[in-house]
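Below: the structure, in structure tokens.
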Amino acid sequence: MSNAENRQWCLAERPIGRPVKESDFSFEVAPVPKIGDGEFLVRTRYLSVAPVMRNYMIDGAGIEEPLAIGDVMRGRGVGEIVESNNADWPVGTFVQGKLGWQDYAVATGKPGSLMFPIRQKVAPIATGLGVLGMTGFTAYCSLKDIGQPKDGETVVVSGALGGVGNIAVQLARLMGCKVIGIAGSEEKCRLLEDKLGCHATINYKNGTLEEDLKRVAPNGVDIFFDNVGGSILDAVLLHLNRYARIICCGRISEYLNDEPYRLRNWGQVGHNRATMRGFFVYDYEPMFEEAERVMADWIAAGELTYQEDRLDGLEMMPTALMRLYEGKNVGKQIVHVSGDD
Ligand SMILES: NC(=O)c1ccc[n+]([C@@H]2O[C@H](COP(=O)([O-])OP(=O)(O)OC[C@H]3O[C@@H](n4cnc5c(N)ncnc54)[C@H](OP(=O)(O)O)[C@@H]3O)[C@@H](O)[C@H]2O)c1
Numbered sequence: 003m004s005n006a007e008n009r010q011w012c013l014a015e016r017p018i019g020r021p022v023k024e025s026d027f028s029f030e031v032a033p034v035p036k037i038g039d040g041e042f043l044v045r046t047r048y049l050s051v052a053p054v055m056r057n058y059m060i061d062g063a064g065i066e067e068p069l070a071i072g073d074v075m076r077g078r079g080v081g082e083i084v085e086s087n088n089a090d091w092p093v094g095t096f097v098q099g100k101l102g103w104q105d106y107a108v109a110t111g112k113p114g115s116l117m118f119p120i121r122q123k124v125a126p127i128a129t130g131l132g133v134l135g136m137t138g139f140t141a142y143c144s145l146k147d148i149g150q151p152k153d154g155e156t157v158v159v160s161g162a163l164g165g166v167g168n169i170a171v172q173l174a175r176l177m178g179c180k181v182i183g184i185a186g187s188e189e190k191c192r193l194l195e196d197k198l199g200c201h202a203t204i205n206y207k208n209g210t211l212e213e214d215l216k217r218v219a220p221n222g223v224d225i226f227f228d229n230v231g232g233s234i235l236d237a238v239l240l241h242l243n244r245y246a247r248i249i250c251c252g253r254i255s256e257y258l259n260d261e262p263y264r265l266r267n268w269g270q271v272g273h274n275r276a277t278m279r280g281f282f283v284y285d286y287e288p289m290f291e292e293a294e295r296v297m298a299d300w301i302a303a304g305e306l307t308y309q310e311d312r313l314d315g316l317e318m319m320p321t322a323l324m325r326l327y328e329g330k331n332v333g334k335q336i337v338h339v340s341g342d343d
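Read in the numbering used here, the sequence shown has 176 at position 174, and its numbers run on one by one without any break.
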């Protein structure tokens, strides 16, 4: 490793009150870090981008600690252990964990560090960022614990062809529900119906969401899997059934706003005895093994597929992140950094 470099993307400027842009990041080259006792070195193969990353860049915007200017951008990745001083984490092990936007990361694998060996053998390792990583675990754990789907119920998923959304759609279908996907283009809606098994879809950019919901969900909504928040959440509230469950997974439509969206239809929650619950995937660590095993079995059986949107090269990380806010990604947005699988 002595001649190798560690290329890194660091935070250069905070995107306050505006979308993320490339100049918010600086591209640096550092030496490959040395490992100490109990540590191991991971060579990054793939990196994930997620809407929450803009929150990391802004003080006080998210659940996790904000980054300082100059810090390596935080994010999950999949990689291979290439050096190790830890017998539990031998060289050659593939892992998924908080690698950051860089070629090499040092880790300890201690409990709570959210570093996991990739156990499944049925799908490419890149799925450790999508369906068989935090993205898929988010869909699985929240749907099971908060959604509690029952056969024949109607489930609406917003951001339906995003990373989390495309898995939530399929899981709800596999759990016996009628699934309605909301997405931002006709192409995404076609894909959701033709490939992912949505019973109906709505292109929210047509501006007729409330009427469309009435048409495709005439019997109301039992579960709303919300990745988007804002006016889409407000519209779905008008269609809740009694005892409906709302999974507050994400609010990407509000992440760029200075002021939070003010819900007009909040009263429908009380009126319908509905449950609206926040969700944070890292609270569900005890369920991850089950989520990986169950979804890997469904993939092996050909019942669950996954949508990935892949860019090539570490230099593409800022572009990859910006694509999320522009609605350009179709499925889980990942970046291939090294290796040929
Ligand atoms: N709670 C947790 O633990 C947890 C874990 C993971 C993710 N999340 C959240 O879950 C959501 C989905 O995450 P993801 O990683 O799968 O991202 P993603 O859905 O792939 O995010 C990008 C998509 O969001 C949609 N979008 C962007 N701006 C929008 C807007 N103003 N209004 C409506 N839709 C918009 C776009 O699709 P369209 O073309 O359809 O507009 C875009 O393709 C995010 O809000 C994320 O923060 C939460």
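Built from N, CA and C at the ideal position, the CB exists for glycine as well.
ask   = Which residues in the same chain have their Cβ closer than 6 Å to the Cβ of I71, if we skip the five residues on either side of it in sequence?
value = Here residue 71 corresponds to residue number 69 of the sequence shown, with the count starting at 1. The beta carbon of I71 is closer than 6 Å to those of L13 in its chain, skipping five residues each way along the sequence.
ask   = Expressed to the nearest angstrom, what Euclidean distance is found between the alpha-carbon atoms of I148 and L323?
value = By 1-based counting over the sequence shown, the position of residue 148 is 146. By 1-based counting over the sequence shown, the position of residue 323 is 321. Spanning the two alpha carbons is a distance of roughly 28 Å.
ask   = Is P53 near ligand 1, with its Cβ less than 7 Å from a heavy atom?
value = As a first step, residue 53 is located in the sequence shown; it is residue number 51 there, counting from the start. True, at least one ligand heavy atom lies under 7 Å from that Cβ.
Proximity test, A185 beta-carbon vs ligand 1 heavy atom, cut-off 7 Å = What you label residue 185 is simply residue 183 of the sequence shown in a count that begins at 1. Yes.
inquiry  = Distance check for D299 and E261, CA to CA, integer angstroms please.
reply    = In the sequence shown, the residue the question calls residue 261 occupies position 259. In the sequence shown, the residue the question calls residue 299 occupies position 297. For E261 and D299, the distance between alpha carbons rounds to 43 Å.
task = Answer yes or no: do E294 and D224 have a C-beta to C-beta separation smaller than 8 Å?
result = For this step, residue 294 is matched to residue 292 along the sequence shown. For this step, residue 224 is matched to residue 222 along the sequence shown. Not a contact, by the Cβ cut-off of 8 Å.
ask   = Short check: CB of V181 to CB of V218, under 8 Å?
value = Position 179 of the sequence shown, counted from the start, is the residue given in the question as residue 181. Position 216 of the sequence shown, counted from the start, is the residue given in the question as residue 218. Contact: no.
inquiry  = So Q98 and G135 are supposed to be a Cβ contact under 8 Å. How far apart are they, rounded?
reply    = If you number the sequence shown from 1, residue 98 lands on position 96. If you number the sequence shown from 1, residue 135 lands on position 133. Indeed they touch by this definition, with Cβ atoms about 5 Å apart.
key: Under the three-state DSSP convention, the category V181 falls into   = Numbered from 1 along the sequence shown, position 179 holds the residue referred to as residue 181. Strand, per DSSP.
ask   = DSSP puts L49 in a beta bridge; with which residues?
value = Here the question's residue 49 lines up with position 47 in the sequence shown. Looking at the DSSP assignment, L49 forms a beta bridge with G79 and V337.
ask   = Is any heavy atom of ligand 1 found at a distance shorter than 7 Å from the C-beta of F348?
value = Nothing about residue 348 can be read from this structure; the chain reaches only from 3 to 343.
inquiry  = Runs of 4 residues minimum, wholly inside the segment 76-144: which ones carry the alpha helix (DSSP H) assignment?
reply    = Runs of the alpha helix (DSSP H) inside the segment 76-144: 136-144.
inquiry  = In chain order, what are the residue ranges of uninterrupted beta strand (DSSP E) at least 3 long that sit wholly in the segment 267-335?
reply    = 277-280 and 310-314, all fully within the segment 267-335.
message = DSSP three-state label for E213, please.
response = Sequence index remark: in the sequence shown, residue 213 carries index 211 (1-based). Here E213 sits in helix by DSSP.
Distance CB(I249)-CB(Y206) smaller than 8 Å = In the sequence shown, residue 249 corresponds to position 247, counting from 1. In the sequence shown, residue 206 corresponds to position 204, counting from 1. No.
query = Who are the near neighbours of N87 in its chain, counting only those whose CB is closer than 8 Å to its CB and skipping five residues on each side?
reply = As a position in the sequence shown, residue 87 is number 85, starting the count at 1. Around N87: I37, G38, D39, G40, E41 and F42.
key: For Y257, three-class secondary structure by DSSP   = As a working mapping, residue 257 is identified with position 255 in the sequence shown. DSSP, reduced to helix, strand and coil, places Y257 outside both helices and strands of the structure shown, so it counts as coil.
task = Sort V159, T140 and R266 by Cα distance to M297 and report the nearest one.
result = Position 295 of the sequence shown, counting from 1, holds the residue named residue 297. For M297, the closest alpha carbon among the candidates V159, T140 and R266 is that of T140.
query = Per DSSP, what kind of secondary structure is A14 in: helix, strand or coil?
reply = In the sequence shown, the residue the question calls residue 14 occupies position 12. In the three-state reduction of the DSSP assignment, A14 falls in the coil class, being assigned neither a helical nor a strand state.
query = Does DSSP put L239 in a helix, in a strand, or in coil?
reply = Position 237 of the sequence shown, counted from the start, is the residue given in the question as residue 239. DSSP, reduced to helix, strand and coil, places L239 within a helical segment of the structure shown.
query = Are there 16 or more other CB atoms within 10 angstroms of the CB of L193, so buried, or fewer, so exposed?
reply = Numbered from its first residue, the sequence shown carries residue 193 at position 191. In this structure L193 is buried. Its beta-carbon is surrounded by 16 or more other beta-carbon atoms within 10 angstroms.
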